[in-house]
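Protein chains in written order, with the numbering used here: chain A, 35 to 436; chain B, 35 to 436; chain C, 35 to 436; chain D, 35 to 436.
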């Protein structure tokens, strides 16, 4: 075990070859149990192969077990996802699965949710310093002229990523270069940061700029920001459905008019509080889907920015939609190949390459279900009662038993 | 199993007494395996008692196993947390644990991170409709005059929650009433929504307002918003430390000047992109801590709003801080008592009542560690190299082995 | 005339006693005409006494003549303003006066606009630096305990301003102190900055904090920001009216339903673009009223943040409102006593002390008129036609002539 | 005079041919004097030809006289503006002209401010409703394919405007179409709204979409919003200069280090308050320049969004810049040809066609001067003293007299 110069500082033991063998994980777990006095039997219970954790985590001691429930059926009518789906949700918030389930059933009874992907990109936005405002202006012009070379430098580092665009955003004598990449089925940040770094080195050497930092904060990775609403950070996906009045009344137990009135009023709270967009509880569903499906859950910070909308149709039915300008999803890489993550992706038919847009459409439709159910609970005044009921662990009144 | 009128719609089976017995969980898992064709052996491997899932999730089929690593030592010098801590992180993002660990070691070698809690509250913000602007004005005045009665109505529903304030925010003839509660060690949303609802019913009956919706969107629960920066949604916590130049150079491999220059430049990207506050990657640490410690992970949407700051001291050292105006934490309720969540809280000495502020201080200090490490990686140009190294699964150069 | 060391740098002449005599103004005007080659006969035509410019402007050469039109009648039913008003608008944007006039007539025919003032304050928000996070926490606590002394120090500098509150907003080891003042009928920034400065000097001497800057940027003076929506920077005023369907149809040439549908759709654009609140064109009216009435027009940057709302009433009429959380107005000081400014204030019965809230209510009601008219033009598709008509200088079709 | 059905409602008299003859203006003025009891001799004193008001204002009664001062010399080194300028400021805020003058002198002594225009566009953003999410997706695709036809439809209405792009931003089943136009030297809103309307009619007839509203709120005309920071609404202009330490010390009476420290601290207030970008007081200068130069002053709401930045150079001097992503200026149309507006534009050599970018560069450089002076006043603690001095109408200590 490493000893620090200061003997009060006990570093986490560095084990041979980083310590991913099961016994090494156990050894480290014993060490931390001893340091903290906490027994960790649940943490130590897991079925995934500890060697598979290499590249996904350091200093492993086991797993967190997050309860997993299922909600559906959800009929999705997308360009990439077309069929009936059951969503896995990993959560400890009582009533959440039931709430999403209700919304999904409403959508399914209404014939399903349409879903479409508009933009499919990810970005890294380094910041360059030039010697003056005039130099920064020249830099921006020249970078535009030599974009093909910059792209070549970036793409030399990756077999999957493609550099789509590089927009120059000046701030005084500095220039933020917003590199936009296509990352196929991967979340892709590691890939495109590496590619952008290569592009930056080329730029400083051949085009100009005195120096750069690889991140400027502009890209909004794992941060909420206003610029997300336009798209370009992850997949921009829209899902929507027309819900007949009868479905709204029977499944959601409210009316189209009450839903629209609810939206009209609660958007005032969103405006007053200074939020980005409008939503009921995107973060709830996103987090539950992400944990279940081995996604990088921290991306909920950007992915939860979007707009839910409810409006009456000419025929007195309800048109409901969600617009998700920054939905981060992956079907390869990271946690997608690990144990429960892979199983949950398989549950959705989204394991592996060529499936990321399908997954985005399914998540968007599922979030629409959650927005419908939450909106209905608010509109009808059921919210407190619904949570009470499940909180007290009583059977839901409509529950079939066997 | 429930059959829908439309036989294509196969509802998730409703099992007896909600189906929390282990064999019922297995039965449901078999059902979904059959529906989707996906085998779920990992999902089915868990050690927590399935009956304990009642109230935390519906339609359970097992668990998501999220890899858990540890980072530390972290010396915290708070009012509630005082000592050395090792943080559990549940994540699949390679290099994350190592990055936080580095920052924590830097803080510890610098003598630790101070942490202080400023505000400790949670809020529900219903919206009332009055008949006119004049009526809304009267309503607001009367509600202020009769606050004691409103509080009594709210507190009658809860033994733990206390109503601290009710601020009236008019929007035309509507009034958003921002109820601020103290929720002790619980995340508390269910508790305070119920209490607020009782208060609202009292208000409509005795004070005025034609009708209300229990949520207006103002409270920013699980949403990012500008109003969070002032505090009042969760715990407002600040952590900071002065890092001697030698620690910055040796542990973080950069200089105080480079850190400050990095902050000064990257805040420009934050301003240009329209983000709330400034941070390197709050969401990464928060998500990893939340999943590990049985928190309501969706709260990362609000909790990740804050401000990281680096500045030079007069003596040429680095002063670093994080300000987290909306940190949601709980040490009772929800997932805090479940298997791995409880174990991880125990690892921090934060299991049970009277520990929420301690947990908030630890998380704040730990996030500061993450900000230092990320900031240093950007400032020194190590970012790509660090991710490459761990991505390629090579031993870290400084790694001790045994 | 001053000559600089570098003889290419010709400073504006410094004239005796600052040069406010009419012949000195003419002398300076001649100088600038010679420097620039531009003749300034219109600039030199003015009726206000040049000596009155002292304290309001430096280096005067004359005036800008801004065309002034009138719009009304506007029936206001406020607590401070109760009657029929005609608003002066200084603008060069064709169709603007006509548009506001139409909305005012609609309101008047509907029985008038109610208006109410909720908050009446102004703020200065210095930032203090402490030595550490712990010191900043102590500083905040002590400042709260000794608020009475701080108030005394502030109020010693002013006979009109009153310090209402001082809220501490920590950022790391710094503390923004949000001083909230009542400024009576003045815009008051000079007054309260001076008072806040005295308070700060007292604080550093007696309470703590190593140093301070008098502005932190938090106060949002002449800047748009999310925090304005809560109120506290200027007057928070709400105006609203129920417009019978017949008035909407006859005067605004649309329907209540179309107005609500317009609002429901255009709020989506506001959400997508990341604006603060929602409005049609607050800035148009505000700027025109401010220039006319001798206000500090730059305050339009904060005052134009607010929320316009349209909704159907149960009876199928239209309820319309504007909520202006940061309306800056003055009836004493600055340009309010100068020539046309004073005349325009007199036109509204708002000249001098005790009139600022009245003026705020009138402006709010007038802005509501502008929102109704703009909203109706969008809803009905008249917008282009209306601008065409007045742009081509044809008589408005409904115009009576004599 | 028009009489309303309700005889209490006295409409503003509709005079023959809209009433722009001087005696008609006087007649209307007499009428309003009688209605309100306010004498308006100053309002009635003006030199501009009342017939020239046609198209710029309705119901004219005279003018507002706004005090006009001059500040300079300002050395600008732009691509369109190159030389020494004196800026006209119309304001009643004491100390403002002196403050801008100081900053301009500092810039001039430093060799001048560089200025560059990056983007030159204006936009109208109608919103279309489609029948479903799938239809909206098709609509967006088809609109892209037939952009040339859309452009032809738009440009058929205007001889000056050119349609540059049309970006589709979906929100559920609606699509905001962000039309970007080049408007040459005009502010151009009337022109491009008319062109966009023609394009919309073509789209609904030939491409799809059930209906549209000409405004969605997205374009941020006369509103602050986060999307402005990227550019595309008006001219995106940057101005910057390196100020030698000696100039900072002698003219601004502070040090480069104190300026940077001031920026570093006050950006924290901007972040905490949730403002867009960062600035000291853009709105002050903009408003004063706009009123003087016959601009549409209400555009200050969007134009005041931007970023001021101060940083140390390697040599210990100060680099200062302003980035103005949404600077609205015009040298033709509106108030630019009216009396004092035209004279002030001539003072800058910016009267008429081909001068808008020059004007933008001058304004940007001038605003930089204002930011330097304000920043220095805060950094050095002079702010209160400076306002006191001019408020008390004493000669400035450095004043030369003759």
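By construction, the Cβ of each residue, glycine as well, lies at the ideal position given by its N, Cα and C atoms.
Because the structure is a prediction, the values reported are computed rather than measured.
{"Check": "Less than 8 Å between the beta carbons of residue 43 (chain C) and residue 107 (chain D), yes or no?", "Outcome": "yes"}
{"Check": "Measuring only between beta-carbons, confirm whether residue 353 (chain B) sits less than 8 Å from chain C.", "Outcome": "yes"}
{"Check": "Give a yes or no on contact between the region 331-339 of chain C and the region 353-363 of chain C, applying the rule of three or more CB pairs nearer than 8 Å.", "Outcome": "yes"}
{"Check": "Taking the Cβ atom as the reference point for each residue, do residue 6 (chain C) and residue 308 (chain D) lie within a distance shorter than 8 Å?", "Outcome": "The first residue shown for chain C is 35 and the last is 436, placing residue 6 (chain C) beyond what the model contains."}
{"Check": "Alpha helix (DSSP H) containing residue 171 (chain C): first to last residue?", "Outcome": "167-179"}
{"Check": "Along the chain, which unbroken stretches of the alpha helix (DSSP H) at least 4 residues long are found entirely within the region 322-348 of chain B?", "Outcome": "334-337"}
{"Check": "In the DSSP assignment, the beta strand (DSSP E) including residue 274 (chain A) goes from what residue to what residue?", "Outcome": "268-277"}
{"Check": "Within 10 angstroms of its Cβ, does residue 92 (chain A) collect 16 or more other Cβ (buried), or is it exposed?", "Outcome": "buried"}
{"Check": "Who does residue 319 (chain B) pair with in a DSSP beta bridge?", "Outcome": "The partner list for residue 319 (chain B) (beta bridge, DSSP) is empty, contrary to what the question assumes."}
{"Check": "Taking Cβ positions, are residue 273 (chain A) and residue 115 (chain A) nearer each other than 8 Å?", "Outcome": "no"}
{"Check": "Is it true that the region 198-209 of chain A meets the region 217-224 of chain A, where meeting means three or more beta-carbon pairs spaced less than 8 Å apart?", "Outcome": "no"}
{"Check": "Please report how far the alpha carbon of residue 419 (chain B) lies from the alpha carbon of residue 354 (chain A), in whole angstroms.", "Outcome": "46 Å"}
{"Check": "Please classify residue 94 (chain B) as buried or exposed, where buried requires at least 16 other C-beta atoms within 10 Å of its C-beta.", "Outcome": "buried"}
{"Check": "Starting from residue 66 (chain C), trace the alpha helix (DSSP H) both ways and give me its first and last residue.", "Outcome": "56-70"}
{"Check": "Which residues in chain D have a C-beta closer than 7 Å to the C-beta of residue 372 (chain A)? List them in chain order.", "Outcome": "In chain order: nothing, as chain D lies at least about 33 Å away."}
{"Check": "Return helix, strand or coil for residue 286 (chain D), following the three-state DSSP convention.", "Outcome": "coil"}
{"Check": "Three or more C-beta pairs under 8 Å: does that hold for the region 156-168 of chain C against the region 134-144 of chain B?", "Outcome": "no"}
{"Check": "Please name the residues in the region 297-331 of chain A whose beta-carbon is closer than 7 Å to at least one beta-carbon of chain C, in chain order.", "Outcome": "298, 301, 302, 305, 306, 308, 310, 311, 312"}
{"Check": "Which residues in chain C have a C-beta closer than 7 Å to the C-beta of residue 94 (chain D)? List them in chain order.", "Outcome": "101, 102, 103"}
{"Check": "Cβ of residue 161 (chain C) within 7 Å of any heavy atom in the ligand FMN?", "Outcome": "As for the ligand FMN, it is missing from this structure, which has no ligand bound."}
{"Check": "Note down, in chain order, each residue of its chain lying with its Cβ closer than 7 Å to the Cβ of residue 388 (chain D), except the 5 sequence neighbours on either side.", "Outcome": "219"}
{"Check": "With distances taken Cα to Cα, identify the nearest neighbour of residue 137 (chain C) among C:275, C:348, C:350.", "Outcome": "C:275"}
{"Check": "Applying the criterion that 16 or more other CB atoms from any shown protein chain within 10 Å of the CB defines a buried residue, is residue 156 (chain D) buried or exposed?", "Outcome": "buried"}
{"Check": "List, in order along the chain, the chain C residues whose C-beta lies closer than 8 Å to that of residue 359 (chain D)?", "Outcome": "Per Cβ cutoff of 8 Å: no residues; residue 359 (chain D) is ~13 Å from chain C at best."}
{"Check": "With DSSP as the reference, please indicate the residues paired to residue 116 (chain B) in a beta bridge.", "Outcome": "B:111"}
{"Check": "Name the residue from C:301, C:268, C:204 whose alpha carbon lies nearest to the alpha carbon of residue 154 (chain C).", "Outcome": "C:268"}
{"Check": "Using the C-alpha atoms, what's the distance from residue 226 (chain A) back to residue 73 (chain B)?", "Outcome": "33 Å"}
{"Check": "List the DSSP bridge partners of residue 162 (chain D).", "Outcome": "D:209, D:246"}
{"Check": "Can you tell which of D:256, D:286, D:177, D:214 has the C-alpha that lies nearest to the C-alpha of residue 235 (chain D)?", "Outcome": "D:177"}
{"Check": "Taking CB distances under 8 Å as the criterion, tell me whether residue 257 (chain C) reaches chain B.", "Outcome": "no"}
{"Check": "Along the beta strand (DSSP E) that carries residue 356 (chain D), what are the first and last residues, could you check?", "Outcome": "352-361"}
{"Check": "Measure the alpha-carbon distance for residue 443 (chain A) versus residue 211 (chain B) and round it to whole angstroms.", "Outcome": "Since the first residue shown for chain A is 35 and the last is 436, residue 443 (chain A) is missing from the structure and cannot be characterised."}
{"Check": "Name, in chain order, the residues that DSSP records as bridge partners for residue 153 (chain B).", "Outcome": "B:270"}
{"Check": "Measuring CB atoms only, is the region 375-394 of chain C touching the region 323-330 of chain C, in the sense that at least three cross pairs come out at less than 8 Å?", "Outcome": "yes"}
{"Check": "Listed from N- to C-terminal order along the chain, which residues in the region 246-272 of chain B have their beta-carbon within a distance smaller than 7 Å of any beta-carbon of chain D?", "Outcome": "260, 263"}
{"Check": "Output the distance between the C-alpha atoms of residue 298 (chain B) and residue 282 (chain D), rounded to the nearest integer angstrom.", "Outcome": "20 Å"}
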